[in-house]
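Q: I have a structure here, written as structure tokens, and I will follow up with some questions on it.
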Amino acid sequence: MPISIAYWCVLIAAALPYVWTVVAKSRGERYDNRDPRAWLARQTDPRVSRANAAQMNAFEAFPAFAAGVILAHLAGVPDARVSLLAVVFIVARILHGAFYVAGVPLARSGSWFIGIACVFALLAQAAMSVA
681 MPISIAYWCV LIAAALPYVW TVVAKSRGER YDNRDPRAWL ARQTDPRVSR
731 ANAAQMNAFE AFPAFAAGVI LAHLAGVPDA RVSLLAVVFI VARILHGAFY
781 VAGVPLARSG SWFIGIACVF ALLAQAAMSV A
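Read left to right, the sequence shown gives residues 681 to 811 (my numbering).
Right, dumping it as structure tokens:
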């Protein structure tokens with residue numbers, strides 16, 4: 681049942697922001713859990729702030745992606761198409777975070793675009809399937 685691949689991708693997308701959180705907290709001075717925002721503000725390693733930005737962007741991308749997968753499934757979009765778009769989204773989002781942390785803005789923007797294109801494709805496929 682290929683749709684389960686897309687559902688696993690939703691789970692991965694939900695967990696991805698926390699990967700970038702761990703990356704941010706593992707860099708710079710020792711992490712202070714008593715005041716995490718002040719700790720973040722004190723960091724001088726740009727990878728810390730970029731990992732935090734990757735975390736926030738991953739949180740922002742998640743709702744539209746999850747909605748796209750669910751709506752495409754409910755609208756009867758072929759499971760293989762939904763799963764393919766979901767896998768491409770996940771690969772793009774992993775690359776997005778990696779490029780963000782590494783400070784490669786052009787590649788980061790390209791991977792962001794691929795990810796959002798997958799979301800729009802899922803939503804458009806759902807809309808066309810019920811029209």
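Ideal placement from N, C-alpha and C gives every residue a C-beta, glycine not left out.
#1: So what does DSSP say about Glu740, is it helix, strand or coil?
#2: Tell whether a beta-carbon distance below 9 Å holds between Val781 and Phe745.
#3: Leaving out five residues before and five after Ala752 in sequence, what residues of the same chain have Cβ atoms less than 6 Å from its Cβ?
#4: Along the chain, where does the alpha helix (DSSP H) containing Val784 start, and where does it finish?
#5: Given a cut-off of 9 Å, decide if Leu765 and Cys798 are closer than it, judged by their beta-carbon atoms.
#6: Output the boundary residues of the alpha helix (DSSP H) element that contains Arg722.
#7: Out of curiosity, what's the CA-to-CA distance linking Pro758 and Ala721?
A: Taking the definition as stated:
#1: If you number the sequence shown from 1, residue 740 lands on position 60. Of the three classes helix, strand and coil, the one that applies to Glu740 here is helix, per DSSP.
#2: Against the sequence shown, residue 781 aligns to sequence position 101. Against the sequence shown, residue 745 aligns to sequence position 65. Not a contact, by the Cβ cut-off of 9 Å.
#3: Numbered from its first residue, the sequence shown carries residue 752 at position 72. Hits under 6 Å: Val762, Leu802, Gln805, Ala806.
#4: Numbered from 1 along the sequence shown, position 104 holds the residue referred to as residue 784. No alpha helix (DSSP H) contains Val784, which DSSP labels as neither H nor E.
#5: For the purposes of this step, residue 798 is identified with residue 118 of the sequence shown, where counting begins at 1. For the purposes of this step, residue 765 is identified with residue 85 of the sequence shown, where counting begins at 1. In this structure, Leu765 lies closer than 9 Å to Cys798 by Cβ.
#6: Looking up residue 722 in the sequence shown gives position 42. Its alpha helix (DSSP H) spans residues 716-722.
#7: In the sequence shown, counting from the first residue as 1, residue 758 sits at position 78. In the sequence shown, counting from the first residue as 1, residue 721 sits at position 41. Roughly 46 Å between the two C-alpha positions.
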